[in-house]
Every structure is written in structure tokens, then in C-alpha cells.
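A.B. asks:
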Amino acid sequence: MSKKEITVFWFRRDLRADDNAALFHALSEKENVLPVFIFDKNILEELNNAADPRVEFIHNKVLQLKKWFEAEGSSLLIKHSTPQKVFQELTSEYQVEAVYANRDYEPYGRERDEKVKKLLSEKKIDFHTFKDHVLMEIDEVLKKDGTPYTVFSPYGKMWRKVITDDAFKSYDSFGHIASLYSCKPFGNTTLESMGFKKTGYAIPSDQLQNEVIVEYDKKRNLPAENGTSRLGIHLRFGTISIRKLAKKARLLNDTFLNELIWRDFFMMILWHFPHVVDKAFKPAYDLIEWRNDEKAFEAWCKGKTGYPIVDAGMRELNETGFMHNRVRMITASFLTKHLLIDWRWGERYFAEKLLDFELSSNNGGWQWAAGSGCDAAPYFRVFNPELQTKKFDPKLNYIRKWVPEFEDFVYQKPIVEHKFARERALNTYKKALDKAKK
Ligand SMILES: Cc1cc2nc3c(=O)[nH]c(=O)nc-3n(C[C@H](O)[C@H](O)[C@H](O)COP(=O)(O)OP(=O)(O)OC[C@H]3O[C@@H](n4cnc5c(N)ncnc54)[C@H](O)[C@@H]3O)c2cc1C
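Numbered per numbering that gives the first Met the number 0, the sequence shown spans residues 0 to 437.
1) Taking buried to mean at least 16 other C-beta atoms within 10 Å of its own C-beta, is F280 buried or exposed?
2) Can you grab the Cα-Cα spacing for the pair N324 / F10, in whole Å?
3) Hey, is S1 close to ligand 1, as in C-beta under 7 Å from one of its heavy atoms?
4) Can you tell me whether H417 is helix, strand or coil according to DSSP?
5) Use the C-beta contact count for H274: other C-beta atoms within 10 angstroms, 16 or more gives buried, fewer gives exposed.
6) Could you name each continuous beta strand (DSSP E) segment of 3 residues or more that falls completely within the region 137–179, going from the start of the chain to the end?
7) So, helix, strand or coil for P393, using DSSP?
8) Taking 8 Å as the limit between beta carbons, can you name the residues of its chain near D144, skipping five residues before and five after?
9) When you measure from the CB of L353 to every non-hydrogen atom of ligand 1, does any distance come out below 7 Å?
10) To the nearest angstrom, how far is the alpha carbon of R314 from that of G302?
11) Measure the Cβ-Cβ separation of G72 and S181 and say whether it is below 8 Å.
12) Return yes when at least one heavy atom of ligand 1 lies under 7 Å from the C-beta of D357, else no.
13) Answer yes or no: the CB of A331 versus the heavy atoms of ligand 1, is any distance below 7 Å?
14) Have a look at L386 and T189 and give me their C-alpha separation to the nearest angstrom.
15) For the beta strand (DSSP E) containing P34, list its first residue and its last residue.
16) Is W289 helix, strand or coil by DSSP?
17) Can you find the residues in the same chain that come closer than 8 Å, C-beta to C-beta, to L256, ignoring five residues on each side of it along the sequence?
18) Assign F408 to one of two classes, buried (16 or more other C-beta atoms within 10 Å of its C-beta) or exposed (fewer than that).
19) Determine the direct distance from the alpha carbon of V61 to that of V133, and round the result to whole angstroms.
20) Here's the rule I'm using: 16 or more other beta-carbon atoms within 10 Å means buried, otherwise exposed. How should K352 be labelled?
21) Measuring only the C-alpha atoms, how far is E55 from A70?
22) Kindly indicate the opening and closing residues of the beta strand (DSSP E) around A368.
23) Can you tell which of N291, Y284, H127 has its C-alpha closest to the C-alpha of D433?
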């Protein structure tokens, strides 16, 4: 029997059928397009927690997509395996014409895609990838000499200069739905069969609240307010389209658009400087002698440092999987400067807990706070938790919400005194930077 001819559309961090660049291209250029999603064992086996809300979120979204494709007379093939195995199987079962996917910029994604591309090219199958996750591609905003920017402000200026309306256009995947592969529903994969379970975490809505964005520049730094979009998880897994969001941002609030440009910036940095994954962007900062006190780290993780704004942030993170950006900056600065704990420890903890965890932005945020990143805060800028509280949580509403006991006499003493910690950080950083100069 001859094999069925199909084209594969491979879902990854783009879990939507609407306005999906690669899906649109597959459907408009080919016929018999079979959508596939792989629960990648290489990724899942690295996760420590069976109750990981992000896996549950992906699982729910994948099942929703499957239902949607089934209503269109097709289905979604869901696999729990490694990409290489899946493509071996698919190419032996079907006559695969081509594979379409949206580009992934992280080191693991790049390596995975190279391997799949090689496997496919040995079988003379084209692997087409598209820009979908970002607004501007990693090589679309470069300095005049063709090298990447390492400072945000000129990058942002150039980004705004070179971007055209084309970057915001929607892809009408629905208009070509007739090109889907007609088939009976495939089987389901349960969370439990993959070693995971339901968590009951509340996932922020994927709807942009216009009134929040209109006021974004005024309220985004106040953690007690509902002043940011909470769309991080949806951007991370592509359950909303960055183009649609950016189109609204352009109309509603330029400061909000600027944050989306930061997102592109960190993705571009990760692509061009992949060493940042485990090393400081600026090598001199790898000479810092971290104290790495495990007890202090545990106190920070649990929100028991005695600094109410730090504790509030960590408790918000532990309970909800979210932490407000201002407080991410404060808690990260506290860990690296006050406690002199290696930024990689904090980065790892955030990576485990954040619903919106994104390697590029998390790494960028942590290296910014530690002073080691591209365009980072200068090392001598040590956030004073008290002043930060006065400025950004003046009525203490955020702190009261997460650390209700802080006004009691029993609220614990700070694990380290601010003035002393600041001096210690400055001396330690200076020592490392002086050493690097020699
Ligand atoms: C130490 C530290 C760690 C961080 N880790 C992450 C992370 O793992 N994932 C992540 O998406 N962001 C991270 N950020 C950036 C920022 O804190 C979050 O994007 C933001 O708080 C998410 O909330 P929101 O969706 O309400 O964002 P909004 O303020 O509504 O912004 C909208 C979107 O813009 C993007 N964005 C906003 N600020 C930034 C920024 N500074 N850098 C890059 N993108 C930005 C995000 O995709 C965000 O969802 C980190 C920041 C710091 C200081």
C-alpha cells in the first residue's frame, strides 16, 4: 500500500491556530497538513515537579487545539517522545512532503531543530521555519556594522526605525483550513501517563484589558495595583499572537510597546551570546566570590528574610507562579547584592516557579540585577528595600496582602542589616572587577 502524502505542521511554543505564521504558510502552500505536538521527553525529564502548572497549561491548550481541529474534520497528533523519534516514525508511516514550524531561539531549541533538519534532509524533506515568536527577528535589528546591539536604548531606537507594518500583519490561517489532513480523531495523552498531575493553579486570562494598558505607564511599577497585563505565560507559549498584542500596544500605550521590545532584545541577546545561559555576559563578573550561604538562600526562597517587600515578592511567587516586575528586580537585587548569592541560584528558582518563565528574559533580568549582564544596572546600585517600598508600595497594600504578620512585633528581624550588606557587596564586587583588570 502506498503511503499517504502529508505535510507536517509542528506546534511548539505557538499553541494557537489563529494568526500562526508557520501554520498559515503550511496551509496556504501545501495540502493534507497534519498538525503535530510533541511532549518532548528531553524537556519534561528535566522538570523536578510532577505538579508543574506549566505542563498542565500546555496539556489543556493542546487538548483544546485537538478538539478544534477535530471540529474541522482533521485532528492533532499528540506524542510523548523525543522529536527525533517522532520524525523517524512519521517519515516511515507517511510520505512526508515537508515540515513547517515557527522558529525557536533558545539553545536547546536550536540544537533540536538542527538535528531534526538533518534527519529530514537525509530523506530529502524540507524543513521550513518562520518568524512568529518575536516581532523583530534576531538579525533584523543590527548596528550599522552588522553586529548585534548590546545596549537596549540604541537597540530600541533602531527597532522602531526599521520595523514596518509588515511585522504586525496577521496570518489568516483559518482562511486555508481546507488544506488540513482529513482523518479520524487520534488518541489523547493524559497528564498522568507522562508522570504529571493537575495543580489547580489559576492561569491569568489571555484577554488584554485595554484599561490596564491605557494606564500602563502610570501604574506598571506599583505591585499593589492591577497595572500590568499578566500575559507573560500566553506570550511564552504562544497562546496569544505577539503581533496582535503589539498592534494594540502601538495604539494604546508606548511604554507597553517598549516592554515588548525588551522581550525581543533579550531573545536577540540569547541568540547571539548563548554563553549567557551559564556565564556572566561580562566575564569580569564571573570572578565575584559569592557567599552562597544555603540557609540564607532558603530564607529568601521561603519569603523569610525579614525584609517585607522581598518576602512579599517571594510569597507571591510561591503561591501564584507570578511576581510583579518591580518586585522581581528588588528580590533579585537582594539575593545577589545583600546576600551575595550567585545569580544563577535565583535564576534557577525563578525558572522552576514562574508561570511565564522564559529563558531569555529571566536570564536577562537576573544578569541585569546582578550587574553582570549587557546593559545592566551598575554594580554599585544596590536597591534599598525600604526606599523601594516607600516609592512603589507607599500604602503597604502589596506587603499587607502577602506578609500579613509584618506589622506584628513578632515579625522576624532582617537576616542581614542593609548598610552592612551594601558595603559588603560593594567591596566584593570591586575586588572582582579589580582582579579582572590585572
Ligand atoms: C529577575 C527577573 C526575572 C524575569 N523573568 C522573566 C521571565 O522568566 N519571563 C518573562 O517573560 N519575563 C521575565 N521578566 C521580565 C518581567 O518581569 C515580566 O515579563 C513581567 O513581570 C511579566 O508580567 P506581565 O505579563 O504582567 O508583563 P507586562 O508588564 O504586562 O508586559 C507585557 C509583556 O512584555 C514582556 N516584558 C515585560 N517586561 C519585560 C522585561 N523587562 N524583559 C523582557 N520582557 C518583558 C513580557 O512578555 C510581558 O508579559 C523578569 C524580570 C526580572 C527582573
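Ideal placement from N, C-alpha and C gives every residue a C-beta, glycine not left out.
C.D. replies: Judging by the given coordinates:
1) Counting Cβ neighbours within 10 Å, F280 comes out buried, since at least 16 surround it.
2) Rounded to the nearest angstrom, the gap between the Cα atoms of N324 and F10 is 29 Å.
3) Checking every heavy atom of ligand 1 against the Cβ of S1, none is found closer than 7 Å.
4) Note: H417 maps to helix in three-state DSSP.
5) That one is exposed.
6) Entirely contained in the region 137–179, not one beta strand (DSSP E) run reaches 3 residues.
7) Correct three-state label for P393: coil.
8) Nothing listed; no residue qualifies.
9) Yes, since a heavy atom of ligand 1 falls inside the 7 Å radius drawn around the Cβ of L353.
10) Answer to the nearest angstrom: the Cα atoms are 5 Å apart.
11) S181 sits close to G72, with the two beta carbons spaced by under 8 Å.
12) Residue identity differs from the one stated: residue 357 is Glu in this sequence, not Asp. Yes, ligand 1 has a heavy atom inside 7 Å of this Cβ.
13) Flag set: Cβ of A331 near ligand 1.
14) In a straight line, the C-alpha of L386 is about 48 Å away from that of T189.
15) Element bounds for P34: 32–39.
16) W289 falls in the coil class under three-state DSSP.
17) Residues of the same chain with a CB within less than 8 Å of the CB of L256, apart from the 5 flanking positions on each side, are A245, A248, R249 in chain order.
18) Exposed, because fewer than 16 other Cβ atoms sit within 10 Å of the Cβ of F408.
19) About 21 Å.
20) By the neighbour-count criterion, in which 16 or more other beta carbons inside 10 Å mark a residue as buried, K352 falls on the buried side.
21) Rounded to the nearest angstrom, the two C-alpha atoms are 23 Å apart.
22) Where A368 is concerned, there is no enclosing beta strand (DSSP E), although the alpha helix (DSSP H) around it starts and stops at 358–369.
23) It is Y284 whose Cα lies nearest to the Cα of D433.
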